[in-house]
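Okay, structure first, notes after.
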Amino acid sequence: MKAVGVGHSCLDRICTVENYPREDDSTHITSISIQGGGAVATALVALSRLGVPSSFIGNGGFDRVTDQIEELFHSDGVDTSCLMRRKDAHGLESFVMVNRENGSRTKFPERDTNPPIEWNEALEKEIASADVLHLDGTGWENAVKAVEIAKRHGVTVSLDGCSMQKDNEKNRILASSSDILIMNRKYPLRVSGKESYEEALLEMATWGPKIVIATLGEKGSLAVVDGVVKAYPAFTSLPVVDTTGCGDVFHGAFLSALLKGKDTEEAIFFASAASALKATEKGGRKGIPTWERVTEFLENSWKQQKGETI
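If you want our numbering, it's the position in the sequence shown, counting the first as 1, plus 352.
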């Protein structure tokens with residue numbers, strides 16, 4: 353088993369605040385934590401902790417932020433041999449403000465102005481060696497080229513539907529090129545143009561993806577299963593400290609479950625449990641559980657059910 357990721361990687365500075373101020377007002381930061389971040393990057397860390405070898409393809413600079421990003425990847429066993437250092441690129445940062453009362457977070461990510469990836473034979477071999485390519489679409493040109501390579505070598509394409517281009521046709525092209533399409537709450541309605549999640553998911557299931565899911569935070573998730581949309585509850589028994597990275601962890605956990613032989617519904621429950629466990633710790637990565645921890649939680653805290661048709 354192996355997963356390769358192409359997409360956003362950054363350094364998160366996670367600040368817990370006393371409250372959310374009005375514009376032009378202020379509040380106090382009560383704690384600061386520095387962790388790795390980025391949608392694809394955090395999903396790769398989740399895959400690695402859950403027992404699936406993973407590697408990252410992307411650009412970085414000759415700067416301290418890139419050094420820290422790489423060090424944090426190494427600490428979780430993610431291969432960075434395809435993290436390319438360039439003089440015209442730099443490590444990206446993101447500031448995350450966490451509301452200590454309910455664990456919600458407001459993100460201020462640095463816009464990615466790094467140049468496109470310069471694809472070569474080594475990078476193509478890296479994708480060709482994988483069972484799954486995971487993307488987040490932040491760099492559209494990079495994502496499309498990675499999909500082209502994956503398709504040529506029969507590699508499954510997974511897309512985190514979170515980052516959207518202004519040109520919606522570009523979003524549709526990338527979504528249609530994926531085999532596994534898991535989206536946040538905004539993506540399905542915007543990209544499909546439909547008014548309800550049921551309509552949106554059923555429409556997008558006709559575009560090409562074999563698996564279509566929307567994650568809705570504390571409301572759980574929706575998935576197209578056997579031609580109908582089913583609802584799957586979230587795990588709400590655990591205390592919520594910080595929801596940063598929960599969606600990214602869902603992606604990594606879902607892919608790890610599929611790669612280890614679980615069916616779609618089992619993988620949804622597994623990913624939901626992994627996300628709930630992550631939310632008990634600050635930051636996007638600190639709380640990412642192991643395979644054994646998720647399995648134990650499911651066995652002791654939840655009787656698995658089938659999703660309900662909506």
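Glycine is no exception: its CB is placed at the ideal position from the N, C-alpha and C atoms.
Which residue from I386, G639, L487, E618 puts its Cα closest to that of H360? L487
As assigned by DSSP and simplified to three states, the class of Y584 = strand
**OP:** Would you identify the three-state DSSP class for D428, choosing helix, strand or coil?
**Re:** coil
Taking only the alpha-carbon atoms, compute the straight-line gap between G636 and L402 and give it to the nearest angstrom. 15 Å
| message | I want to know whether the segment 522-536 touches the segment 551-565 - three or more CB-CB distances under 8 Å. | response | yes
Worksheet item: Of the residues R524, T490, L526, A480, which one's Cα is nearest the Cα of R504?
Response: Closest in alpha carbon position to R504, among R524, T490, L526, A480, is A480.
Would you check if the segment 361-368 and the segment 383-390 touch, i.e. whether three or more CB-CB distances between them fall below 8 Å?
yes
Distance CB(A393)-CB(V484) smaller than 7 Å:
no
Starting from R457 and walking both ways along the beta strand (DSSP E), at which residues does that stretch end? 457-461
* Less than 6 Å between the CB of H426 and some heavy atom of the ligand SAM, yes or no? -> Absence of the ligand SAM from the depicted structure is noted, as is the absence of any ligand whatsoever, leaving it without description.
**Request:** Please name the residue in V496, V581, D594, E555 whose C-alpha comes closest to that of E570.
**Result:** D594
**Q.** D615 classed as buried or exposed, judged by whether at least 16 other C-beta atoms fall within 10 angstroms
**A.** Counting Cβ neighbours within 10 Å, D615 comes out exposed, since fewer than 16 surround it.
- Message: Looking at the secondary structure, which residues open and close the beta strand (DSSP E) in which V450 lies?
- Response: Per DSSP, V450 belongs to the beta strand (DSSP E) from 445-451.
Exercise. Report buried or exposed for T567, applying the criterion of at least 16 other Cβ atoms within 10 angstroms of its Cβ.
Key: buried
Report task. To the nearest angstrom, report how far apart G443 and G491 are at their CA atoms. Result -> 15 Å
Checklist entry - Helix, strand or coil: which one does DSSP assign to L590? => result Of the three classes helix, strand and coil, the one that applies to L590 here is coil, per DSSP.
Going by beta-carbon coordinates alone, are L553 and V576 separated by less than 7 Å? yes
Could you check where the beta strand (DSSP E) with A619 kicks off and where it finishes?
Run containing A619: none in the beta strand (DSSP E); it sits in the alpha helix (DSSP H), 616-630.
request  = Starting from the Cα of I409, find the closest Cα among W643, P585, E521, E473 and give me that residue.
outcome  = E473
>> Am I right that V404 and V430 are in contact with their C-beta atoms under 8 Å? What's the rounded C-beta distance?
In response: Not a contact, Cβ separation roughly 11 Å.
**OP:** Report buried or exposed for R457, applying the criterion of at least 16 other Cβ atoms within 10 angstroms of its Cβ.
**Re:** Around the beta carbon of R457, a 10 Å sphere encloses 16 or more other beta carbons of the protein chains shown; the residue is thus reported as buried.
Coarse secondary structure for N411, derived from DSSP in three states: DSSP places N411 in strand when its eight states are reduced to three.
Note to self: Suppose the cutoff is 8 Å on Cβ atoms and the five residues either side in sequence are ignored; what does the same chain contact list for T508 look like?
What the structure shows: D483, V484, L485, A502, D531, I532
Worksheet entry | Under 7 Å between C-beta atoms of E476 and E462 | no
message: Please report the straight-line C-alpha distance between G390 and L574, rounded to a whole angstrom.
response: Using only the alpha carbons, I get a separation of about 23 Å.
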